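Here the structure is laid out as structure tokens; the discussion comes afterwards.
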Amino acid sequence: MTTLLARRLIQLPLILALVFVITFTLAWLVPGDPLQAPDAKKPPAEVQAAMRAQYNLDNPWAFAVNYLGDALTGDFGPSLQYPGQRVADIIGDALPVSATLGVTAIALALILGTTAGVLGALKPRSPLDAGSLGVALLGISLPSFVTGTLLLALGAGLTRQFAPDLTWLHLPLGGWTGPANLILPALALGLAPAAYIARLTRLGLADVMASDYLRTARAKGLSTRQALFRHALKNAFLPVLSFLGPATASAMTGSFVIEQVFNIPGLGEHFVNAVRNKDQFLLLGIVLVYAALLIAFNLLVDLAYAFVDPRISLD
Amino acid sequence: MRWAVPLILLALLLPAAVFNFGFGRPLPELPPGKTALTFAVPSPVKTLDPQRATALNDFRIIDALFEPLLTVDPDTLQLVPGAALLPGVSDDATTYTFTIRDDARWSNGDPVTSHDFKHAWFRALLPDLAAGYSGKFMLIKGAKPFFEWRSKKLEELAANPGQGEAGWQDTLAHFDATVGLQTPDDRTLIVTLEKPTAYFPDLAGFGIYSPVHSPTASAALSIDPTTGRVTMDPNYFIDPDRLISNGSYQLTEWSFGRRMVLDANPHYHAADTLGNHRIVQHLIRGEALSFMTYESGDVDWLPGLPSAAIAAELVRADRNDVHNVPVAGTYFYIFNCRPTLADGSPNPLADPALRRALARSIDRQTLVSQVTRMDQPTADTFIPPGSLDGYALPPQHAIPYDPDAARQILKDAGYSVNGSPGKAIPTLKLVYNTGGGHEGPALAIARHWKQQLGIEVTTEPVEWNRLLDLRDKGDFVIARGGWFGDYPHPSTFLELFRSDDGNNDGRYVNPQYDALLDAGRAARDPAEANRFYQQAERMMLEDAPIAPIYHYTMLQLFDPDRVQNFTLNAWNKTALHRIRVTPE
Chain A
1 MTTLLARRLI QLPLILALVF VITFTLAWLV PGDPLQAPDA KKPPAEVQAA
51 MRAQYNLDNP WAFAVNYLGD ALTGDFGPSL QYPGQRVADI IGDALPVSAT
101 LGVTAIALAL ILGTTAGVLG ALKPRSPLDA GSLGVALLGI SLPSFVTGTL
151 LLALGAGLTR QFAPDLTWLH LPLGGWTGPA NLILPALALG LAPAAYIARL
201 TRLGLADVMA SDYLRTARAK GLSTRQALFR HALKNAFLPV LSFLGPATAS
251 AMTGSFVIEQ VFNIPGLGEH FVNAVRNKDQ FLLLGIVLVY AALLIAFNLL
301 VDLAYAFVDP RISLD
Chain B
316 MRWAVPLILL ALLLPAAVFN FGFGRPLPEL PPGKTALTFA VPSPVKTLDP
366 QRATALNDFR IIDALFEPLL TVDPDTLQLV PGAALLPGVS DDATTYTFTI
416 RDDARWSNGD PVTSHDFKHA WFRALLPDLA AGYSGKFMLI KGAKPFFEWR
466 SKKLEELAAN PGQGEAGWQD TLAHFDATVG LQTPDDRTLI VTLEKPTAYF
516 PDLAGFGIYS PVHSPTASAA LSIDPTTGRV TMDPNYFIDP DRLISNGSYQ
566 LTEWSFGRRM VLDANPHYHA ADTLGNHRIV QHLIRGEALS FMTYESGDVD
616 WLPGLPSAAI AAELVRADRN DVHNVPVAGT YFYIFNCRPT LADGSPNPLA
666 DPALRRALAR SIDRQTLVSQ VTRMDQPTAD TFIPPGSLDG YALPPQHAIP
716 YDPDAARQIL KDAGYSVNGS PGKAIPTLKL VYNTGGGHEG PALAIARHWK
766 QQLGIEVTTE PVEWNRLLDL RDKGDFVIAR GGWFGDYPHP STFLELFRSD
816 DGNNDGRYVN PQYDALLDAG RAARDPAEAN RFYQQAERMM LEDAPIAPIY
866 HYTMLQLFDP DRVQNFTLNA WNKTALHRIR VTPE
């Protein structure tokens, strides 16, 4: 365990450095000028040169050295598209939003997914199993902008239209001011992982239920239900666990589409716009945060493996 | 194990909980009996620094926070006194003397002084802080040399660390000695220009010329010890406790990516004329969502709904809250006028006859009614008719849709048209940017050209940044373009085609045209100036470095019974302070 932790902690800066180099190179090669205003009015040449010099955009080496120096002290530089905003502030403001939404969505996905998976596994090839498979297929195939827009139209649009007086029923039209804002987007964001989890649980359970040790357990007199909950679920959960790490990281760092549909001030929008507008500081900042989170969650998953399956040794 | 996953998830929420899950604060209480104007925009304000702003979205707020020397009356579009009275002008239109009004106050009660303007404009001319519109200050005497002097100085300072402070003192002294801004007393500002420029007052009424509260703004500057560069504490224009403004409103809250709240500036000289105590600007990203929010009554006003899907339906709906307002901007195609293309091959469009014919073969009416479906005014000229008081190009000089004339132009120039003998016209390429609904017009126009002139035009969609890059390098034959005027004056449009203008992407070079612009710039009588500008526009349209297509419109939604005193004009001069929301 300590060895694993130590190994990962040593890897962390190396991986981050690699991510930095790749992102930096790509961000530099993307065509376009981050300081170019979107209404496309070009300043005179001497002004353009001065603008680039302000941010070392005329010299990739100076930029990289300065950036790294500042980033080590927690300063991720200014945003190029939003002069005056600091990248650290933008991320600090948007990350709690995305994290709250992401964690809620994953929790929702876990509850929905495992329930559907277990129900399906309890009665294989029953209408219940077919139903959960059907819902899971829908969840996997429907892109989130469709589910998001549908949920918004159903939960916030139709209720207003058909029950204008029942204001307690009106879910908010997007935004991010209180827990009521969580319901629809978390559902929309959690649906796809829920579907994956349902299938993973269902398939895992089917495998485990057919294994020798479970046959033994049931021969000793355990009911299907007892065998399933006491022994099978734990082992069938392993594939779900490995799915959960990256899924949580990606849900927590924001979904551009869901944030756009529900007008949520999260990280996803900044990520996409940073690429689009070649906002190198913001892009590097978000990618580094994302990479760090991804590494952290994979580590968490590895640790969780050991708890779930004692056969796995971490050393 | 049973509790491990829920516990981990809960633990993950802990850091977010420290930030209240990012939910933000509730709106501060509105004083009793006061009203608020609430509206929604699709993209965040980039900056409130008047000298750094370039986006229309930002100027809407900056115009409410800061008051320049002069302002534009939203009804008449005439310049009226702002923080200063109308200026005295020297006979040669090079020296302007402004007197600050004696009741002009900052939101902290300090009087507005001439030094506040000088410091603001100094910031705009510091290469250390250079921004998109710094160039707009270079018509002030000595401004451009100063900018270049300081740029050179910065290179020296970077080579000799530790000289930053001395270099800064030199710079302040150099600015005072060489740039044409004098402040003989706290209320007088004398501006000397490089060349006679009769439209300088129009510029002085543009948001970038707004003042900043010089004692606090200059204290927010600091010198980087290694490079010697001056940087501005970015927090100054973000923190409501620090930002001091002289306009009708002051900043109360800015939650980046969420909303902005302005409240009445109690020290504003016309504070009693404000229509509402508060302005709340929400950021709503999706267009469908902002429309639903508007329909539900949560916002009073939507200042622009660009998406064709909803917008085209709304334009055709019989609703008194839909206002499709023509604005001072034109959508056009740029023709490359360079003798050769970027790859060295001869440029077919170097021949003005071919450009002239192409510009006359776009069926603009069909385009706006069936392709964009927004019923924009079709553009037979470059400057949108009616957008400028007293300026109109006589109709005989416009370039209407006239395919017969276009074919005749081609035949006269010796080209083969639909099989007639003559030079063959090679296939032309049109580049446009993806997104924003530019594909429909591009395909339609390529078809018009094929049908009317028999010219093959291929279309190529590229990313927006790529398009800017191609245009900048002149690596195109025909490219999509557009232009919005900054201040109500012909020069804001026509200077675009000055031979050496940085935005003249087609590289239209015509010394006669430049001379007409110079004459217009120097003419003190507006009618005389307009005559020069009309000649210039006519000459440019005839040479056709662009094919104008339509003049932009902005779809505004507000209920005129609820939101009153709203002035719709072409210049985004909404005059937020005059709007009156009827209390519920």
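So the protein sequences, as listed, match chains A and B. According to this note's numbering, the first sequence holds residues 1 to 315 in order. According to this note's numbering, the second sequence holds residues 316 to 899 in order. We treat Cβ as the ideally placed atom computed from N, Cα and C, and that holds for glycine. This structure is a prediction, so every number in the text was calculated from the model and none was measured.
Residue 810/B sits in a helix when the DSSP states are folded into three classes. Its Cα nearest to that of residue 718/B, the residue 670/B stands out among 754/B, 456/B, 475/B and 670/B.
Counting C-beta pairs closer than 8 Å gives fewer than three between the segment 41-53 of chain A and the segment 61-74 of chain A, which falls short of the contact rule. Inter-residue distance for residue 140/A and residue 196/A is about 7 Å (C-alpha atoms, whole angstroms).
Under the DSSP assignment, residue 500/B falls in the beta strand (DSSP E) whose first and last residues are 496-500. With fewer than 16 other Cβ atoms inside 10 Å of its own Cβ, residue 480/B counts as exposed. Contact note: residue 508/B does not reach chain A at a C-beta cutoff of 7 Å; the least C-beta distance is about 17 Å. Residue 354/B: member of the beta strand (DSSP E) spanning 351-356, first to last residue.
For residue 298/A, the uninterrupted alpha helix (DSSP H) segment begins and ends at 280-308. When C-beta distances to chain B are compared with 9 Å, the residues of the segment 170-184 of chain A below that value are 170, 173, 174, 175, 176, 177, 178, 179, 181 and 182, in chain order. Counting only Cβ-Cβ distances below 7 Å, residue 328/B has contacts in chain A at 100 and 103, in chain order. Excluding residues up to 5 positions away in sequence, 563 and 589 lie with their Cβ nearer than 6 Å to the Cβ of residue 892/B in the same chain. If you check the CB distance, residue 543/B and residue 484/B do not come in under 7 Å. The CB of residue 445/B comes closer than 7 Å to the CB of 47, 50, 51 and 54 in chain A, given here in chain order.
At a Cβ-Cβ threshold of 7 Å, residue 625/B and residue 675/B do not count as neighbours. For residue 44/A, the closest Cβ of chain B is nearer than 7 Å. Legend: CB atoms of the segment 100-133 of chain A lying less than 7 Å from CB atoms of chain B belong to residues 100, 103, 106, 107 and 110. When beta bridges are read from the DSSP output, residue 565/B appears opposite 578/B.
Contact holds between the segment 635-651 of chain B and the segment 866-878 of chain B, because three or more Cβ pairs, one in each stretch, are under 8 Å apart.
Taking a Cβ-Cβ threshold of 7 Å, none of the residues of chain B is close to residue 246/A; the smallest such distance is about 14 Å. By the beta-carbon neighbour count (other beta carbons within 10 angstroms, threshold 16), residue 329/B is exposed.
Residue 61/A sits exposed, since fewer than 16 C-beta atoms from the chains shown fall within 10 Å of its C-beta.
Annotated three-state conformation of residue 368/B is coil, per DSSP. With the rule of 3 Cβ pairs closer than 8 Å, the segment 343-353 of chain B does not count as touching the segment 105-115 of chain A. Under the 8 Å Cβ criterion, the segment 764-782 of chain B does not count as touching the segment 683-695 of chain B, having fewer than three qualifying pairs. Annotation: residue 462/B is outside any beta strand (DSSP E); the continuous alpha helix (DSSP H) that includes it extends over 458-474.
Comparing alpha carbon positions, the residue from 236/A, 55/A and 258/A closest to residue 143/A is 258/A.
Using a C-beta cut-off of 8 Å, the segment 850-865 of chain B makes contact with the segment 696-705 of chain B, since at least three inter-stretch Cβ pairs fall below that distance. About 5 Å separates the CB atoms of residue 156/A and residue 171/A; that is less than 8 Å, so the two are in contact. Legend: CB atoms of the segment 201-233 of chain A lying less than 8 Å from CB atoms of chain B are not found in any residue. With distances taken between CA atoms, residue 664/B lies nearest to 862/B out of 735/B, 703/B, 580/B and 862/B. Residues of the segment 543-556 of chain B with a C-beta atom less than 7 Å from some C-beta of chain A are 549, 552 and 553, listed in chain order. According to DSSP, residue 794/B shares a beta bridge with 649/B and 746/B.
Near chain A, meaning a CB-to-CB distance below 9 Å, no residue of the segment 647-673 of chain B qualifies. In the three-state scheme derived from DSSP, where H, G and I count as helix and E and B as strand, residue 823/B is classed as coil. For residue 290/A, not one C-beta of chain B is nearer than 7 Å to its own C-beta.
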